[in-house]
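J.: Under this note's numbering, the first residue of the sequence shown is numbered 1, with each subsequent residue one higher.
All C-beta atoms in this analysis are idealised placements derived from N, C-alpha and C, irrespective of residue type, glycine included.
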Amino acid sequence: MDYKDTHVTTAVRGTIGHIAPEYLSTGKSSEKTDVFGYGIMLLELITGQRAFDLARLANDDDVMLLDWVKGLLKEKKVEMLVDPDLQNAYEEIEVENLIQVALLCTQGSPLERPKMSEVVRMLEGDGLAERWDEWQKVEVVRQEAESAPLRNDWIVDSTYNLRAVELSGPR
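1) Report yes or no: do three or more beta-carbon pairs, one from the region 36-47 and one from the region 98-106, lie closer than 8 Å?
2) Just checking my contact of T47 with L24 at CB under 8 Å: how many whole Å lie between their CB atoms?
3) Which same chain residues end up closer than 6 Å to P114 when comparing Cβ atoms and leaving out the 5 residues on each side of it in sequence?
4) Near E172, what residues of its chain come up, given a Cβ to Cβ distance below 6 Å and the 5 sequence neighbours on each side ignored?
5) Could you name the residues that DSSP lists as bridge partners for M41?
6) Give the straight-line distance between the Cα atoms of L42 and S30, rounded to the nearest whole angstrom.
7) Can you round the beta-carbon distance between L81 and V69 to whole angstroms, since I take them to be within the 8 Å contact cut?
8) CA-CA distance, G14 and A51?
9) Between the beta-carbon of K28 and the beta-carbon of P110, is there less than 7 Å?
10) How many Å lie between M122 and Q143 at the Cα?
11) Figure out for me which residue from E79, L98, A89, E22 has the closest Cα to the Cα of L45.
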């Protein structure tokens, strides 16, 4: 490989649940791909669960750990996220900070994920609060947009009364 090359595209390889969305869709890896995997690994350590677990379907709708964590956070059930094997032998604020770092690392867009150097600083207690506040604001807007009904009534209205003759094919 030439030192000027920035990407090597091969078949996508990795552990299900740890693979960043952009790597899965394009096959191109970057440092932000690794940041995503690091965030998933943090969530596995905190929860004691695997990133992809079909058994989770028995109790929840989410087979992916990231979706399950986000769901519990939305319901304000942070205590349910922590691995029961820890038997409350942990500092709650430290676990909350780790969850925040993990969620920042696992954002859908690689541009929004921190660099690993930033992750280290956040784990040391520098800059996490500001970054987390910013993420929460964006996440609220994103969730509202996802849950809002689509306003495509004009499409439904304009196609509702079409007859078969009008849909006969190209001319």
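T.: Let me spell this out:
1) yes
2) Locating residue 47 in the sequence shown gives position 47, where the first residue counts as 1. Locating residue 24 in the sequence shown gives position 24, where the first residue counts as 1. Actually they do not touch by this definition, with Cβ atoms about 22 Å apart.
3) Along the sequence shown, one-based indexing puts residue 114 at 114. Once the five neighbours on either side are set aside, the close Cβ partners of P114 are L104.
4) Beyond the ends of the chain as shown, which are 1 and 171, falls residue 172; an answer cannot be given.
5) Translated into positions along the sequence shown, residue 41 becomes position 41. In DSSP, M41 forms no bridge with anything.
6) Taking the sequence shown and counting its residues from 1, one reaches residue 42 at position 42. Taking the sequence shown and counting its residues from 1, one reaches residue 30 at position 30. Between L42 and S30, the C-alpha separation is close to 19 Å.
7) Residue numbering aside, residue 81 sits at position 81 when the sequence shown is read from its first letter. Residue numbering aside, residue 69 sits at position 69 when the sequence shown is read from its first letter. Indeed they touch by this definition, with Cβ atoms about 6 Å apart.
8) Stepping through the sequence shown from its first residue, residue 14 is reached at position 14. Stepping through the sequence shown from its first residue, residue 51 is reached at position 51. Rounded to whole angstroms, G14 to A51 spans 12 Å at the Cα level.
9) Position 28 of the sequence shown, counted from the start, is the residue given in the question as residue 28. Position 110 of the sequence shown, counted from the start, is the residue given in the question as residue 110. No, the pair does not count as a contact, with Cβ atoms beyond the cut-off.
10) Against the sequence shown, residue 122 aligns to sequence position 122. Against the sequence shown, residue 143 aligns to sequence position 143. So the two alpha carbons sit approximately 25 Å from each other.
11) Here residue 45 refers to the residue found at position 45 when the sequence shown is read from its first residue. With distances taken between Cα atoms, L45 lies closest to L98.
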